[in-house]
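Peer 1: Positions in the sequence shown are counted from 1; adding 281 to them yields this note's numbering. Beta carbons are placed, not taken as given, at the ideal position from N, Cα and C, and that holds for glycine.
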Amino acid sequence: MNFFDSLIFETEKLTSDFLGNEFPKGTPWKDCGESQIIMRRDTAFELEGVGFNLVTSSDVSDGIILIGDDLDKIKDNRRFARITLVQIDNIGDEQKEYNLIKKIDYVKYHTFPDGYMMRSTSRSHKEAVRVSKKAIADGADFCGIGSLLIDKYKEIPEVKAVKVIFITASEADYPETERIAEKNYAIAETLNHVMNNIVFDCKTCNLKAICDEVEGMKELHFNKADK
Ligand code: SF4
Numbered sequence: 282m283n284f285f286d287s288l289i290f291e292t293e294k295l296t297s298d299f300l301g302n303e304f305p306k307g308t309p310w311k312d313c314g315e316s317q318i319i320m321r322r323d324t325a326f327e328l329e330g331v332g333f334n335l336v337t338s339s340d341v342s343d344g345i346i347l348i349g350d351d352l353d354k355i356k357d358n359r360r361f362a363r364i365t366l367v368q369i370d371n372i373g374d375e376q377k378e379y380n381l382i383k384k385i386d387y388v389k390y391h392t393f394p395d396g397y398m399m400r401s402t403s404r405s406h407k408e409a410v411r412v413s414k415k416a417i418a419d420g421a422d423f424c425g426i427g428s429l430l431i432d433k434y435k436e437i438p439e440v441k442a443v444k445v446i447f448i449t450a451s452e453a454d455y456p457e458t459e460r461i462a463e464k465n466y467a468i469a470e471t472l473n474h475v476m477n478n479i480v481f482d483c484k485t486c487n488l489k490a491i492c493d494e495v496e497g498m499k500e501l502h503f504n505k506a507d508k
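1) Identify, in the order they occur along the chain, each residue of the same chain with its Cβ nearer than 7 Å to the Cβ of LEU501, setting aside the five sequence neighbours on each side.
2) Within the present structure, is the beta-carbon of ILE495 separated from the nearest heavy atom of the ligand SF4 by less than 6 Å?
3) Within the region 421-490, note down every full beta strand (DSSP E) run reaching 3 residues or more, in order along the chain.
4) Less than 7 Å between the C-beta atoms of PRO305 and GLY349, yes or no?
5) Pull the bridge partners of THR337 from the DSSP assignment, please.
6) At the level of alpha carbons, what is the spacing between LEU352 and VAL331?
7) With a floor of 4 residues, list each alpha helix (DSSP H) that falls wholly inside the region 342-397, ordered by position along the chain.
8) Please name the residue, chosen from THR392, PHE423, THR337, that lies closest to CYS313 on a Cα-to-Cα basis.
9) If we ignore side chains and look at the alpha-carbon of each, how far apart do THR365 and ALA421 end up?
10) Would you check if there are 3 or more beta carbon pairs closer than 8 Å linking the region 316-331 to the region 448-466?
11) Pick helix, strand or coil for THR324, following the three-state DSSP scheme.
12) Flag this pair as yes or no: are the beta carbons of VAL445 and LEU429 separated by less than 7 Å?
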């Protein structure tokens, strides 16, 4: 699986421009086990931006990177980004890899960090987080939240390693994170079309730009349509 590798490269380039703190996976923050509503009066602040996964069979090392302030230093609402690099086994079966990408995407809907309410929709790369005053008082930090996410992704047997990148720095290049997120979404949508649509007509297809750019996508559709 290498459809998203160019975006991983772009993400690494983006993050290397900023001084970040890197943590090994530590003690996971508590998971509530079910969705939690944090009322406005109980909210310390909200983070709003993008949250998405980049799945690859190339090497990724477990850990958390934080660019910007940790939760205890944030006083007001601000922009943010979460980018999760997920290394999977080299399966060599496109259908299984496609199913795996979907399964990995569902992890965020089944992870409920205590006092850290994540909201997103399956048809968007946007992610908003509401953090409770109690979570801050109890010592919540991105290392714990990231470690919980790593544990959750790794409940999927084919997931080998996970790196969670959190960005909260005001000077970060958010338009670029947005662009990478949109591209990621477009590649995932194209993959969705390729795996589920037997119609094969590149001349009239509105996904041609992505297929021209992402190595192997066109061949994959050609092979699927041929079966
Ligand atoms: S291979 Fe051709 S028909 Fe298939 S998604 Fe890409 S551009 Fe469209």
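Peer 2: Here's the rundown:
1) GLU375, VAL475
2) Ile is not the amino acid found at residue 495; the sequence shown has Val there. No, since every heavy atom of the ligand SF4 falls outside the 6 Å radius drawn around the Cβ of VAL495.
3) 440-448
4) no
5) GLN368
6) 17 Å
7) 375-387
8) THR392
9) 19 Å
10) yes
11) Strand at THR324.
12) Taking 7 Å as the Cβ cut-off, VAL445 and LEU429 do not qualify as a contacting pair.
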